[in-house]
Every structure is written in C-alpha cells, then in structure tokens.
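Residue numbers (our numbering): 1200 to 1345.
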C-alpha cells in the first residue's frame, strides 16, 4: 500500500508543479531567472524527501552518482528551456512536446543502467504519447492557463 501513497503523492505534486510553473512562467518577465529560483526550491524539497530513506544511499555505485550529476546538469538546461517554452508556446502544443521526457528517460534507463526490457515497461513508457486519458480536444477546452 505504501507504493500507492508514493505514486499518488508523486502525481499530485507533479500536476501542482506543472500548473504553478506554467502560471509563473507566463507572467514572468525573465523566465530563466524564475526557472533557477523555482527549481532550486524544488530541489531542496526533493532532498528533504530523500532524508526519509537513509539506507538508500549505501549500495549505489560511483558511476551512478556520475550519471546523476550529468543528468542534473542536463535537466537544468532542459528545465530552463521549459520555462521559455511555457511562456511562448501554447499549453496544448507544449504538453505534447514535454511528454517525450518520460519516454526518453525510460529508454535511457534501458541503455545506461542495463534495465531489463519488458513489454510492461515499454507500454508504460510510451503511454504518455499514445493515450489521451479522456481529455477533450483542444478546441473544446477552455483556456485555464492565462
């Protein structure tokens, strides 16, 4: 049951993050500076969450820490461009483009971390691209972002 609580919390926080960052980036005069402040706060919160599982850090090999550092640097650049994208691209187009993040992350885990490739993982990774999850077409939706 713990996995359900973690998944639900992750989904709620993820949606909250996307809505708040979209609202702030549209109204911001300097999306890059806002992205630095916003993601610094998010990073501090994420580090606080890691403190609940102290045993987690012991068995991690050194090369994984290197990959983590590289991914943090690349994600910083990626998220900085997200704020520009959220400001200048409409919400429906940017949500389609930003869905690729999950797919790329899972497939890179297959390659770099030698994760077992299973049909379930492939279907889960491609779900954000193939499923509309019951959403209405963009023409029927009201603009809630502006």
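C-beta: ideal position from N, C-alpha, C; glycine also.
The Cβ atoms of residue 1298 and residue 1224 lie no closer than 7 Å to each other.
Collapsing the DSSP output to three states places residue 1313 in coil. Nearest to residue 1238 by alpha-carbon distance, out of 1251, 1307, 1217 and 1226, is 1217.
Judged by their CB atoms, residue 1230 and residue 1283 are nearer to each other than the 7 Å cut-off.
If you check the CB distance, residue 1234 and residue 1279 come in under 7 Å. Here residue 1311 really is in contact with residue 1266; their C-beta atoms are around 6 Å apart, less than 8 Å. In summary, residue 1220 is buried, with 16 or more beta-carbon neighbours lying within 10 Å of its beta-carbon over all protein chains present. Apart from sequence neighbours up to five positions away, the residues of its chain that approach residue 1308 with a beta-carbon distance below 8 Å are 1314, ordered along the chain.
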